[in-house]
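Participant:
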Amino acid sequence: MSFAEIAKILDEQNTKHVVLLCHHNADPDAICSAYALSSLIKRYKPQVSVKIGAAQGISRLSKHILKNLPITVETEPNIDRADLIMLLDTNTVQQLNNLAEKVKASKAPIIVIDHHAAHPETEKIAKLCITNENASSTCEIVYNFYRQAGVKVGENEAKALFLGIAFDTRHFVLANSPTFKIIAELIDIGVNAQEALATLSLPMDFSERVARLKACRRAKLFRIGEWIIALSHVSAYQASAARAIIDLGAHVAVVAGQKNNSLEISLRCTRDFHEKTGIHLGRDIAKPLGEHLQGMGGGHATAAGVNGYGELEAGLKKCWKLLKERITQTQI
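At the far end of the sequence shown sits residue 331, using numbering that gives the first Met the number 0, and the numbering has no gaps.
1) So is Met-203 buried or exposed if we call it buried at 16+ other beta carbons inside 10 Å?
2) Tell me the rounded alpha-carbon separation between Pro-45 and Ser-38.
3) On the DSSP bridge assignment, give the partners of His-232 in chain order.
4) Can you tell me which residues form a DSSP beta bridge with Ile-244?
5) Please state the DSSP three-state secondary structure of Asp-113.
6) Counting only the same chain and skipping the five closest in sequence on each side, list residues whose C-beta sits under 7 Å from that of Ser-61.
7) Within 8 Å, do at least three Cβ pairs link the region 66-73 to the region 88-105?
8) Over what stretch of residues does the alpha helix (DSSP H) that includes Ile-57 continue unbroken?
9) Where do the ends of the alpha helix (DSSP H) carrying Arg-325 lie?
10) For His-23, which residues of its own chain have a beta-carbon under 8 Å away from its beta-carbon, when the five flanking residues on both sides are left out?
11) Any beta carbon of chain B sitting closer than 9 Å to that of Ala-303?
12) Count the C-beta pairs between the region 186-200 and the region 214-228 that are closer than 8 Å, then say yes if the count reaches three, no if not.
13) To the nearest angstrom, how far is it from the Cα of Tyr-43 to the Cα of Ala-6?
14) Looking at Trp-226: is its Cβ nearer than 9 Å to the Cβ of Val-190?
15) Have a look at Tyr-145, Leu-65, Arg-325, Ala-116 and flag the residue whose alpha-carbon is nearest the alpha-carbon of Ala-276.
16) Under 8 Å, with one C-beta from each stretch per pair, do the region 303-318 and the region 285-292 reach the 3-pair mark?
17) Would you decide whether Lys-320 is buried or exposed? Buried here means 16 or more other CB atoms lie within 10 Å of its CB.
Here it is in structure tokens:
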């Protein structure tokens with residue numbers, strides 16, 4: 000999969016208006032990859048209008064990054080006007096929240112660009128899916144588009160790509176050899192690594208601290224063999240809470256949150272758990288859990304998320320059942 004395929008669709012559609020969409024509460028990898036791709040599209044077809052949208056806004060850290068880069072993100076992009084829709088770091092339409100129905104109703108072709116496995120429902124409506132689970136981030140995929148197109152990366156785009164990669168690799172803890180080569184090239188372009196990494200250091204606000212502490216206090220612990228599984232719930236910051244529980248010592252953390260009948264569940268596990276069990280949280284747990292909850296789920300091997308409907312306790316119980324079955328299978 001290459002930028003040439005995107006260019007072909009841009010040309011075939013006689014494209015004038017492109018909308019790049021990120022998932023709700025868009026993180027730095029999502030907005031930075033969208034920004035870099037928008038610049039590349041404009042370099043390829045200068046007459047094209049490119050807008051970046053994020054359902055229900057962007058994360059607090061992403062807002063901080065926008066103070067340092069010329070990125071504009073709309074919460075209500077004009078999807079009806081789009082000749083082409085592209086989903087960045089978003090493998091399920093449901094992650095678009097209030098924009099999902101507009102996207103599904105649109106006659107514009109849809110392109111998915113992600114480092115998560117494509118969801119079957121998304122594949123059905125997409126004209127093109129460019130996914131690479133070996134990539135550290137969506138920013139890494141977009142950087143390779145520049146290579147393929149033979150286009151030099153500008154300084155702002157380089158900084159954005161660096162930040163997206165640094166965020167999704169947890170400051171390069173999860174980076175592999177190709178990722179480090181890209182990072183070196185971005186630094187050669189002019190990225191100041193120390194200054195850029197400082198941009199990703201944001202003081203934790205009071206409500207997030209409280210959410211993390213509540214999730215830890217409410218956690219129910221289970222043990223299967225050598226693995227400690229923690230299940231908890233909190234009304235906000237589920238992903239942050241799950242990371243906190245992993246940092247405290249759990250091998251797997253599942254944190255759910257409920258608003259009315261809607262459920263959000265964040266899953267995290269250690270790399271050791273994934274490597275020894277072979278369990279991929281996105282594919283093996285989040286995807287079937289999302290289907291069970293009449294929603295969608297997906298993500299990485301060690302980090303995944305689910306959006307669905309139902310009761311919180313029932314959702315956690317089903318997640319525990321899926322985990323238990325998969326772990327037991329690995330021990331046979």
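All C-beta atoms, glycine included, are put in the ideal place defined by N, C-alpha and C.
Facilitator: Quick answer:
1) exposed
2) 9 Å
3) Ala-255
4) The partner list for Ile-244 (beta bridge, DSSP) is empty, contrary to what the question assumes.
5) strand
6) Ala-25, Asp-26, Pro-27, Ile-30
7) no
8) First-last for Ile-57: undefined, no H or E at that position.
9) 311-330
10) Ala-53, Ala-54, Gln-55, Gly-56, Gln-94, Leu-95, Asn-96
11) This model lacks chain B altogether, as it is built from one protein chain only.
12) no
13) 8 Å
14) no
15) A small correction: the amino acid at residue 276 is Thr; Ala does not occupy that position in the sequence shown. Ranking the options by Cα distance to Thr-276, first place goes to Arg-325.
16) yes
17) exposed
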